[in-house]
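Here is the structure we will look at.
In this note's numbering, the protein residues as written are 71 to 331.
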């Protein structure tokens, strides 16, 4: 069974005054067409169209969810080569999905990220550079009927030699319970942007600092940004190690120079 045919119209112009490059693509028109094409493809077989929230600022998040069906599992296994009986005809009647399906469940949101305002032009030249899926210990097996929800946020958009690199973090939940996360990188080859529009976000970076003496403790306590939480000890004892969990955002003056942190 085949779905509807979806066209991707591309606009070209003929410029005889440029004898070494007579035919040119229309950059803006092609980017707009690619965005519409991806949306049409994602929603072609859906019961109702999906509208993704635009991502306009660093840290913006796109949410999506799917409910696993037997056709999802069989199609995924056919493409990836999974041939275990439990994915086709389970003995107990409960069709199981490979755990890697979690990543596939997030793909619509991931693809929406480079359709966003913050990404800008270059969608037609995007390649999926890497994925790293981490699944929590003790996560139950995925079955038909489970709902997988994803929350994709942009952690960085930076210029590289290959093109602009988009870094994403996806949080994955099964029936409302957090089951894993995925780090992804996409590159728009040969497309670059103004350095002032580039950024990188480093979340929950842990730094441990030793406070061997009372003087070190006093210096820390004197900082205006330091305060004890309610219920914490009234004072840190000398010899203590303190762990800081930092969220940082970097802006760029050039491709290799920060303008602010």
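Yeah, the Cβ is synthetic: ideal placement off N, Cα and C, and Gly gets one too.
Beta-ladder partner(s) of residue i, from DSSP
i           : result
residue 247 : 244
residue 315 : 276
residue 132 : 222
residue 198 : 256
residue 321 : 269 and 330
7 Å Cβ shell around residue i - same chain, five flanking residues per side excluded
i           : result
residue 86  : 92
residue 40  : Residue numbering for the chain in the displayed model covers 71 to 331; residue 40 lies beyond these limits and cannot be assessed.
residue 198 : 256
residue 316 : 275 and 277
residue 139 : 214
Pairwise C-alpha distance: residue j and residue i
i           : j           : result
residue 277 : residue 284 : 20 Å
residue 60  : residue 228 : Any question about residue 60 goes unanswered here, given that the chain covers just 71 to 331.
residue 119 : residue 298 : Note that residue 119 scores a pLDDT of 49, beneath 50, so its modelled location is shaky; the value from the coordinates is reported in the next line. Spanning the two alpha carbons is a distance of roughly 49 Å.
residue 130 : residue 172 : 21 Å
residue 238 : residue 209 : 23 Å
residue 148 : residue 157 : 10 Å
residue 326 : residue 314 : 27 Å
residue 94  : residue 215 : 48 Å
Beta-carbon contacts of residue i that lie in its chain and below 6 Å, excluding the five residues immediately before and after
i           : result
residue 258 : 192, 195, 196, 233 and 234
residue 217 : 135, 137 and 245
residue 164 : 213
residue 310 : 281
Distance CB(residue i)-CB(residue j) smaller than 9 Å
i           : j           : result
residue 249 : residue 183 : no
residue 203 : residue 167 : no
residue 318 : residue 275 : yes
residue 280 : residue 322 : no
residue 188 : residue 127 : yes
residue 272 : residue 320 : yes
residue 254 : residue 201 : yes
residue 294 : residue 306 : no
residue 207 : residue 270 : no
Residues near residue i by beta carbon distance below 8 Å, same chain, minus five either side
i          : result
residue 78 : 103, 104 and 107
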